[in-house]
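Contents: one structure, followed by commentary.
2 protein chains.
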Amino acid sequence: MEPRYAAPLGTPVLREAAGIRLAGEAGAALRATQAKAMASDAELWRALLGGAPLSDAEAGALEALARTHTVPTGQGVLSRSAAADTLVALRSGEVALGFRTADGTFRTERIVRGPAWLDLSSAWTGDTHVMDAQALGPAQVVELPRAALAARLAVHPGLAQRVIEGLAREVQALAVNTHELMHKDAPARLAQWLHQRCEPVDDTGNQAVVRLHERKRDVASQLAITPETLSRLMRSFTRQGVIEVSGYLVRVLDTVALERLAQA
Amino acid sequence: MEPRYAAPLGTPVLREAAGIRLAGEAGAALRATQAKAMASDAELWRALLGGAPLSDAEAGALEALARTHTVPTGQGVLSRSAAADTLVALRSGEVALGFRTADGTFRTERIVRGPAWLDLSSAWTGDTHVMDAQALGPAQVVELPRAALAARLAVHPGLAQRVIEGLAREVQALAVNTHELMHKDAPARLAQWLHQRCEPVDDTGNQAVVRLHERKRDVASQLAITPETLSRLMRSFTRQGVIEVSGYLVRVLDTVALERLAQA
DNA sequence: CGCAACATTGAGGGCCCTCAAGAGGTGTGG
DNA sequence: CCACACCTCTTGAGGGCCCTCAATGTTGCG
Numbered sequence: 005m006e007p008r009y010a011a012p013l014g015t016p017v018l019r020e021a022a023g024i025r026l027a028g029e030a031g032a033a034l035r036a037t038q039a040k041a042m043a044s045d046a047e048l049w050r051a052l053l054g055g056a057p058l059s060d061a062e063a064g065a066l067e068a069l070a071r072t073h074t075v076p077t078g079q080g081v082l083s084r085s086a087a088a089d090t091l092v093a094l095r096s097g098e099v100a101l102g103f104r105t106a107d108g109t110f111r112t113e114r115i116v117r118g119p120a121w122l123d124l125s126s127a128w129t130g131d132t133h134v135m136d137a138q139a140l141g142p143a144q145v146v147e148l149p150r151a152a153l154a155a156r157l158a159v160h161p162g163l164a165q166r167v168i169e170g171l172a173r174e175v176q177a178l179a180v181n182t183h184e185l186m187h188k189d190a191p192a193r194l195a196q197w198l199h200q201r202c203e204p205v206d207d208t209g210n211q212a213v214v215r216l217h218e219r220k221r222d223v224a225s226q227l228a229i230t231p232e233t234l235s236r237l238m239r240s241f242t243r244q245g246v247i248e249v250s251g252y253l254v255r256v257l258d259t260v261a262l263e264r265l266a267q268a
Numbered sequence: 005m006e007p008r009y010a011a012p013l014g015t016p017v018l019r020e021a022a023g024i025r026l027a028g029e030a031g032a033a034l035r036a037t038q039a040k041a042m043a044s045d046a047e048l049w050r051a052l053l054g055g056a057p058l059s060d061a062e063a064g065a066l067e068a069l070a071r072t073h074t075v076p077t078g079q080g081v082l083s084r085s086a087a088a089d090t091l092v093a094l095r096s097g098e099v100a101l102g103f104r105t106a107d108g109t110f111r112t113e114r115i116v117r118g119p120a121w122l123d124l125s126s127a128w129t130g131d132t133h134v135m136d137a138q139a140l141g142p143a144q145v146v147e148l149p150r151a152a153l154a155a156r157l158a159v160h161p162g163l164a165q166r167v168i169e170g171l172a173r174e175v176q177a178l179a180v181n182t183h184e185l186m187h188k189d190a191p192a193r194l195a196q197w198l199h200q201r202c203e204p205v206d207d208t209g210n211q212a213v214v215r216l217h218e219r220k221r222d223v224a225s226q227l228a229i230t231p232e233t234l235s236r237l238m239r240s241f242t243r244q245g246v247i248e249v250s251g252y253l254v255r256v257l258d259t260v261a262l263e264r265l266a267q268a
């Protein structure tokens, strides 16, 4: 069979969200995601809080506070109108972060695949969440009550340090993002986005591969461009001989040129 | 003799800093900035770390670590090429945060007036600073060594909590900023910017005043537009009867209309 | 096959940038 | 004192980038 389009992950997303059953290759790809074993607790905390493994005491403290629940496909995970009194993380699954507009549609700004934080910051400021979030598939969500956690941080300073580092990383990432939105045009942003998702092929180095795990329209959303513009840019890069696109697989033929495109 | 443009930034600001008088209303608005006295230590920490006053022990711990030094006008404060091993705050003065370009010019992205953090996040991640920074006038800069501070946080959990809250606020602000850059056009961004700097006049409420503490080109920088566009937008708002501009003083005639302009 | 969703392609237009010129203001040197 | 240099802001003309709208092609599904 061999369809030209490799694993169109985009299609199932909406259908899944609409409660429509999945079949075929798309479903297989998505199911593969689900099959990925839920991260063990230790792995979860390491992925969320970074580097070195936590001490047993620290891990135990988190376990005691953590409340895990499952969010069905299409359901809301965070709401801007709800007060944030817990830190929210995604253990497994995919969640779209963005904004629910007045007319009920959802404008995706970023897609998160577990394990990762969904909202590490809002609870500390006493405000509501900054973004809405919607499960793209069955999602395991972990919540840590802020008040109780704060009390435990006093006992386990190592945890406080982890939280600080996590927030600091988030600040850095957002600062870079802001800079790029302010000063880079669409081609540069796309080149940058592709470049930082390159998976090297065992080759000596100038070639690579980027696998798109989301619909192209969602990629466009993250880059603050329209799907049409994304399509045109892909074609433009292809004409320049920098990439080759087949469906959801992008072959990077010249990583150096790609990096140069990302500069301006 | 050094030429007047030795420091490439902010002529009115730098002139003011050099003790040169500005005439007219513009000068009056800008001069108000300089009059602000240096914050006391207690005020400094409260401004940086938020709400409730710190305990004596906490304040003492910070004092013991803090290293204050003065940066002369035009000098660099942070550098993207330098490893960040301290948290950096501005006690008093004005500093431009942005990027030094290859050709030596400085692209301002944000202007900070003390007391405020200049870089609360970089030191925790072990990377270099995310932005360059340059003093617009004589600036008192406070640095806290990260390693030593981390050790003290274990003893004073309250401080760790403050740092977490500070970082969380920064994340929230950046997230809002990113959202606005992605989804709002230039008029909306300007309206938003003006609206959140409104100083109410004792009137019943629909009128207000915005004092520009920086050159209009720096305001434009913060909004990611050109000075020309800013000028045209100001005129456009004026024609709509929403604001009245005279020099560095903006009178807001209709805050409701301004808020509406900020929506789209 | 008809239908639905996504991606692609083209035509047209709006927003905002670039370039250029001019006014107003302020120090500097003759 | 006055011409001059230099900076900032403003205004206009022109153009490029990217969006909007519409049509078409592909794939998967009933």
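Top to bottom, those sequences are chains G and F.
Quick note: to get my numbering, add 4 to the position in the first sequence (first position is 1).
Quick note: to get my numbering, add 4 to the position in the second sequence (first position is 1).
A virtual CB, placed ideally from N, CA and C, is assigned to each residue, including glycine.
Can you tell me whether DSSP reads residue i as helix, strand or coil?
i	result
Asp222 of chain F	helix
Ala158 of chain G	helix
Pro76 of chain F	coil
Thr112 of chain G	strand
Ala305 of chain F	Residue 305 of chain F falls outside the range modelled here, since chain F spans only 5 to 268, and no answer is possible.
Pro191 of chain F	helix
Gln176 of chain G	helix
Gln244 of chain F	coil
Arg50 of chain F	helix
Val205 of chain G	coil
Val254 of chain F	strand
Thr105 of chain G	coil
Ala68 of chain G	helix
Rounded to whole angstroms, what's the CA-CA distance from residue i to residue j? Just pull it up for me.
i	j	result
Gly54 of chain G	Glu98 of chain F	35 Å
Gly118 of chain F	Ala139 of chain F	11 Å
Ser59 of chain G	Ala51 of chain F	35 Å
Leu116 of chain F	Gly141 of chain G	In the sequence as presented, Leu is not what sits at residue 116 of chain F; that position holds Val. Their Cα atoms are separated by approximately 43 Å.
Ala192 of chain G	Ala224 of chain G	13 Å
Ala155 of chain G	Pro161 of chain F	9 Å
Thr230 of chain G	Leu153 of chain G	41 Å
Gln200 of chain G	Thr259 of chain G	10 Å
Leu48 of chain G	Thr105 of chain G	32 Å
Ala274 of chain G	Trp128 of chain G	This structure does not reach residue 274 of chain G, given that chain G is present from 5 up to 268, and the question cannot be answered.
Arg239 of chain F	Thr109 of chain F	29 Å
Ser96 of chain F	His217 of chain F	15 Å
Gly64 of chain F	Asp131 of chain G	30 Å
His198 of chain G	Ala56 of chain G	Residue 198 of chain G is actually Leu in this sequence, not His. Those two C-alpha atoms are separated by around 29 Å.
Gln226 of chain G	Glu147 of chain F	36 Å
Ser250 of chain G	Glu232 of chain G	17 Å
Arg219 of chain F	Ala228 of chain G	29 Å
Just checking my contact of residue i with residue j at CB under 8 Å: how many whole Å lie between their CB atoms?
i	j	result
His195 of chain G	Leu253 of chain G	In the sequence as presented, His is not what sits at residue 195 of chain G; that position holds Ala. Actually they are not in contact, since the Cβ atoms of Ala195 of chain G and Leu253 of chain G sit about 17 Å apart, beyond 8 Å.
Ser125 of chain G	Val175 of chain F	4 Å
Gln211 of chain F	Leu171 of chain F	Not confirmed; about 37 Å, so no contact.
Quick one: using the 10 Å Cβ neighbour count with 16 as the cut-off for buried, is residue i buried or exposed?
i	result
Glu113 of chain F	buried
Gly102 of chain F	buried
Gln144 of chain F	buried
Val134 of chain F	buried
Asp222 of chain G	buried
Val75 of chain F	buried
Gly209 of chain G	exposed
Ala268 of chain G	exposed
Gly78 of chain F	buried
Thr72 of chain F	exposed
Val246 of chain F	buried
Val180 of chain F	exposed
Taking 8 Å as the threshold (C-beta atoms), are residue j and residue i in contact?
i	j	result
Leu91 of chain F	Arg173 of chain F	no
Asp45 of chain G	Glu67 of chain G	yes
Val205 of chain G	Val214 of chain G	no
Ala88 of chain G	Asp123 of chain G	yes
Ile168 of chain F	Val81 of chain G	no
Glu263 of chain F	Arg255 of chain F	no
Ala177 of chain F	Ala137 of chain F	no
Ala164 of chain G	Ala120 of chain G	no
Thr242 of chain G	Leu185 of chain F	no
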